[in-house]
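See structure below.
Number of protein chains: 2
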Amino acid sequence: MITIAIDAMGGDHGIKITVPAALLVLQKWENVKLILVGDEVALKQELSSRGALSHPRITIHHAAEVVEMDEAPAKALRGKKQSSMRLAINLVKDGVAGACVSAGNTGALMATAHYVLKTIPGIDRPAIIRSLPTLVENKNVIVLDLGASSDSSPENLYQFAVMGSVLASAHYNIEKPKVALLNIGVEEIKGNELVKAADKLFLQSQSFEYVGYVEGDAIFQGDVDVVVCDGFVGNVALKAMEGVIKLTLFYAKKAFMKNLFNKIAALIARPALKTLAATIDPGRHNGASLIGLKGIVIKSHGGANESAFTNAIYEAMLEVEKNVPQKIGEKVGLLLRDEHPTS
Amino acid sequence: MITIAIDAMGGDHGIKITVPAALLVLQKWENVKLILVGDEVALKQELSSRGALSHPRITIHHAAEVVEMDEAPAKALRGKKQSSMRLAINLVKDGVAGACVSAGNTGALMATAHYVLKTIPGIDRPAIIRSLPTLVENKNVIVLDLGASSDSSPENLYQFAVMGSVLASAHYNIEKPKVALLNIGVEEIKGNELVKAADKLFLQSQSFEYVGYVEGDAIFQGDVDVVVCDGFVGNVALKAMEGVIKLTLFYAKKAFMKNLFNKIAALIARPALKTLAATIDPGRHNGASLIGLKGIVIKSHGGANESAFTNAIYEAMLEVEKNVPQKIGEKVGLLLRDEHPTS
Numbered sequence: 001m002i003t004i005a006i007d008a009m010g011g012d013h014g015i016k017i018t019v020p021a022a023l024l025v026l027q028k029w030e031n032v033k034l035i036l037v038g039d040e041v042a043l044k045q046e047l048s049s050r051g052a053l054s055h056p057r058i059t060i061h062h063a064a065e066v067v068e069m070d071e072a073p074a075k076a077l078r079g080k081k082q083s084s085m086r087l088a089i090n091l092v093k094d095g096v097a098g099a100c101v102s103a104g105n106t107g108a109l110m111a112t113a114h115y116v117l118k119t120i121p122g123i124d125r126p127a128i129i130r131s132l133p134t135l136v137e138n139k140n141v142i143v144l145d146l147g148a149s150s151d152s153s154p155e156n157l158y159q160f161a162v163m164g165s166v167l168a169s170a171h172y173n174i175e176k177p178k179v180a181l182l183n184i185g186v187e188e189i190k191g192n193e194l195v196k197a198a199d200k201l202f203l204q205s206q207s208f209e210y211v212g213y214v215e216g217d218a219i220f221q222g223d224v225d226v227v228v229c230d231g232f233v234g235n236v237a238l239k240a241m242e243g244v245i246k247l248t249l250f251y252a253k254k255a256f257m258k259n260l261f262n263k264i265a266a267l268i269a270r271p272a273l274k275t276l277a278a279t280i281d282p283g284r285h286n287g288a289s290l291i292g293l294k295g296i297v298i299k300s301h302g303g304a305n306e307s308a309f310t311n312a313i314y315e316a317m318l319e320v321e322k323n324v325p326q327k328i329g330e331k332v333g334l335l336l337r338d339e340h341p342t343s
Numbered sequence: 344m345i346t347i348a349i350d351a352m353g354g355d356h357g358i359k360i361t362v363p364a365a366l367l368v369l370q371k372w373e374n375v376k377l378i379l380v381g382d383e384v385a386l387k388q389e390l391s392s393r394g395a396l397s398h399p400r401i402t403i404h405h406a407a408e409v410v411e412m413d414e415a416p417a418k419a420l421r422g423k424k425q426s427s428m429r430l431a432i433n434l435v436k437d438g439v440a441g442a443c444v445s446a447g448n449t450g451a452l453m454a455t456a457h458y459v460l461k462t463i464p465g466i467d468r469p470a471i472i473r474s475l476p477t478l479v480e481n482k483n484v485i486v487l488d489l490g491a492s493s494d495s496s497p498e499n500l501y502q503f504a505v506m507g508s509v510l511a512s513a514h515y516n517i518e519k520p521k522v523a524l525l526n527i528g529v530e531e532i533k534g535n536e537l538v539k540a541a542d543k544l545f546l547q548s549q550s551f552e553y554v555g556y557v558e559g560d561a562i563f564q565g566d567v568d569v570v571v572c573d574g575f576v577g578n579v580a581l582k583a584m585e586g587v588i589k590l591t592l593f594y595a596k597k598a599f600m601k602n603l604f605n606k607i608a609a610l611i612a613r614p615a616l617k618t619l620a621a622t623i624d625p626g627r628h629n630g631a632s633l634i635g636l637k638g639i640v641i642k643s644h645g646g647a648n649e650s651a652f653t654n655a656i657y658e659a660m661l662e663v664e665k666n667v668p669q670k671i672g673e674k675v676g677l678l679l680r681d682e683h684p685t686s
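Respectively, the protein sequence lines represent chains A and B. For the first sequence, the residue numbers in my numbering are 1 to 343. For the second sequence, the residue numbers in my numbering are 344 to 686.
Below is the structure:
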């Protein structure tokens with residue numbers, strides 16, 4: 001039986017999304033117990049209104065405070081020791097839960113998880129990692145760091161590569177995942193000082209198959225399993241992608257509203273368009289991991305809907321089932337000690 | 344009368360695209376003359392086959408060499424002094440043409456244009472700049488640097504901001520364009536060392552309205568006129584966007600091919616989908632400027648089709664018409680001398 005702690009108050013919609021998503025998870029999977037961390041009265045009321053007040057696999061863990069979405073991470077860390085986010089992370093630290101899931105303030109979640117759980121020995125900094133779809137069916141690519149930190153060193157990128165390759169192995173059962181460095185060209189002379197120095201380190205690696213540089217558009221090609229970049233670059237790229245998808249959907253709507261014929265066409269095409277939206281919807285790939293910590297923390301998108309938050313919980317279950325924390329801990333520690341000194 | 348030099352051999356398709364695009368431009372606009380730079384025999388043959396051998400507004404300028412798409416920039420610069428690319432740029436330097444357009448090797452074009460034309464006094468490095476669509480109708484946003492260099496200094500970013508704001512003024516008749524810095528958050532404490540230092544410089548500027556940080560997804564929001572970033576970040580983000588659009592179109596095709604009903608729906612929806620594709624098609628926004636040089640150089644996408652290459656030529660005409668080189672030269676020089684020492 002897997003136990004997941006849920007920051008029930010987190011996200012743009014709080015318990016209105018986290019509670020129904022939790023119930024959906026319990027209905028879908030038999031082997032999971034959920035601890036809802038948040039305001040006890042509000043949670044009981046919400047569960048009761050859904051006829052699930054005494055669900056045998058739900059526990060409520062009261063939290064008196066909530067981290068606001070725009071609260072400064074340092075302020076949340078110091079000042080909100082009874083927040084639903086903090087207490088959910090504490091449950092992971094204490095071994096009560098195998099993982100926690102939050103749709104709350106990313107910065108606060110990073111800072112708190114880092115402070116409470118600490119990094120795995122051999123890892124200097126945690127990273128935000130997630131998988132993205134590719135042009136190859138059923139093949140995803142894992143990308144990190146997506147903004148846990150900026151101004152990485154070559155050694156940081158090397159550690160990211162090791163972590164990414166361990167996660168790719170665990171997720172996709174690939175023995176030697178192909179790892180690439182994100183760059184602005186594939187030739188040796190291209191790139192900034194950081195990637196050129198990281199390239200030299202990567203070339204020495206025994207623990208993953210380093211395939212060299214990839215450019216931004218090749219992330220989705222499906223040729224590689226892991227793409228490594230600095231958190232600043234990764235965060236900008238990820239958000240630019242989200243922006244482009246929003247732009248595309250906006251213009252799609254406009255194209256279909258242009259005249260009566262197009263409106264009728266839109267009605268007829270709706271099922272196909274829905275399939276498309278579901279495929280490229282970020283919600284389908286919701287659930288970024290904070291990797292490099294001594295515990296599993298999954299970050300859901302703040303605006304996640306019920307189904308997207310369900311995916312984030314499922315990602316947490318998967319990482320618990322696959323023993324990702326231990327595996328990463330052991331492998332990363334060993335690999336880094338064997339291969340390369342940490343910075 | 345505007346004269347544009349065209350690197351007729353450049354791009355993935357060479358004269359098969361550049362010649363018909365040139366003829367389309369001449370047909371559309373009366374006030375332009377084109378110099379086709381490339382292999383004389385091949386060009387005459389191509390023009391002849393299109394019944395345009397003696398077009399009064401076409402001149403052929405013979406070039407014995409071609410820069411290959413994958414040739415190292417330094418090698419092209421040193422070894423291909425008779426290339427169509429080099430000779431087209433020379434025509435700009437010599438004042439024979441007001442601008443040149445190439446779909447060739449980006450690195451070689453940058454290196455050659457930089458070497459031949461030199462930067463405007465007060466500008467340390469040229470930048471690649473282009474406009475992108477936004478969520479606001481008929482409002483574009485200008486983004487730079489998209490990869491002319493990597494490892495920028497805060498002073499480089501400041502110069503990019505000045506150039507971008509001058510171009511936005513010229514293109515969109517905005518008196519004080521709103522300039523933003525690309526970052527991974529909008530709070531003051533966010534970002535890497537580079538953007539934090541650049542932010543301090545930008546806050547001192549009198550020459551443009553600095554509106555602070557924007558995140559990757561806000562590029563398309565339509566709130567700002569110019570977005571400034573380091574060339575490494577800009578290039579990765581731009582290519583990631585291209586990758587996402589490709590991914591979206593791929594899944595759209597799959598969604599519409601899923602079953603007979605969807606295939607019929609696709610047929611009916613085709614006009615609306617075509618409108619959409621035309622709007623988000625990178626070809627529609629084809630034509631990046633190499634800005635900061637003492638002459639106009641427009642880079643077309645290597646894989647540009649006829650209509651996209653036509654757009655690139657039109658961009659060159661526009662910059663010549665608006666006297667962008669002089670305007671930028673004067674304004675940038677003055678602004679930088681008044682406001683801030685160059686690095």
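A virtual CB, placed ideally from N, CA and C, is assigned to each residue, including glycine. Computed from a predicted structure; not experimentally measured.
Euclidean distance between Cα positions of residue i and residue j
i	j	result
residue 75/A	residue 86/A	13 Å
residue 134/A	residue 143/A	12 Å
residue 343/A	residue 658/B	With a pLDDT of only 44 at residue 343/A, under 50, the local geometry of the prediction cannot be trusted, and the value read off the model is given with reservation. Approximately 48 Å between the Cα atoms of the pair.
residue 447/B	residue 424/B	15 Å
residue 527/B	residue 604/B	43 Å
residue 178/A	residue 216/A	16 Å
residue 182/A	residue 198/A	11 Å
residue 647/B	residue 653/B	9 Å
residue 301/B	residue 352/B	No statement about residue 301/B is possible, as the shown extent of chain B runs from 344 to 686 and does not include it.
residue 460/B	residue 612/B	49 Å
residue 101/A	residue 600/B	37 Å
residue 110/A	residue 508/B	36 Å
residue 359/B	residue 395/B	14 Å
residue 249/A	residue 148/A	28 Å
residue 553/B	residue 570/B	10 Å
Collapsed DSSP secondary structure at residue i in the structure displayed
i	result
residue 559/B	helix
residue 194/A	helix
residue 5/A	strand
residue 345/A	Missing from the structure shown is residue 345/A; chain A here goes from 1 to 343 and no further.
residue 489/B	coil
residue 310/A	helix
residue 520/B	coil
residue 464/B	coil
residue 421/B	helix
residue 449/B	helix
residue 648/B	coil
residue 673/B	helix
Proximity test, Cβ basis, 8 Å: residue i and chain A
i	result
residue 452/B	no
residue 650/B	no
residue 614/B	yes
residue 498/B	no
residue 386/B	no
residue 488/B	no
residue 493/B	yes
residue 629/B	no
residue 410/B	no
residue 354/B	no
residue 374/B	no
Cβ neighbour criterion (16 or more within 10 Å) applied to residue i
i	result
residue 668/B	buried
residue 384/B	exposed
residue 378/A	The requested residue 378/A does not occur in the structure, where chain A is confined to residues 1 to 343.
residue 582/B	buried
Interface flag, residue i vs chain B, CB-CB below 8 Å
i	result
residue 160/A	no
residue 94/A	no
residue 25/A	no
residue 141/A	no
CB contact check: residue i to chain C, cutoff 8 Å
i	result
residue 266/A	No chain C appears in this structure, whose protein chains are A and B.
Against chain A, which members of the stretch 462-480 of chain B pass a CB distance test of less than 7 Å? 476 and 478
Can you list, in chain order, the residues of the stretch 580-593 of chain B whose Cβ is nearer than 8 Å to any Cβ on chain A? 580, 581, 582, 583, 584, 585, 586, 587, 588, 589, 590, 591 and 593
Under 9 Å, CB to CB, which of the residues in the stretch 535-569 of chain B have a partner in chain A? 535, 536, 537, 538, 558, 559, 560, 561, 562, 563 and 564
According to a CB-to-CB cut-off of less than 7 Å, which residues of the stretch 508-531 of chain B neighbour chain A? 525 and 527
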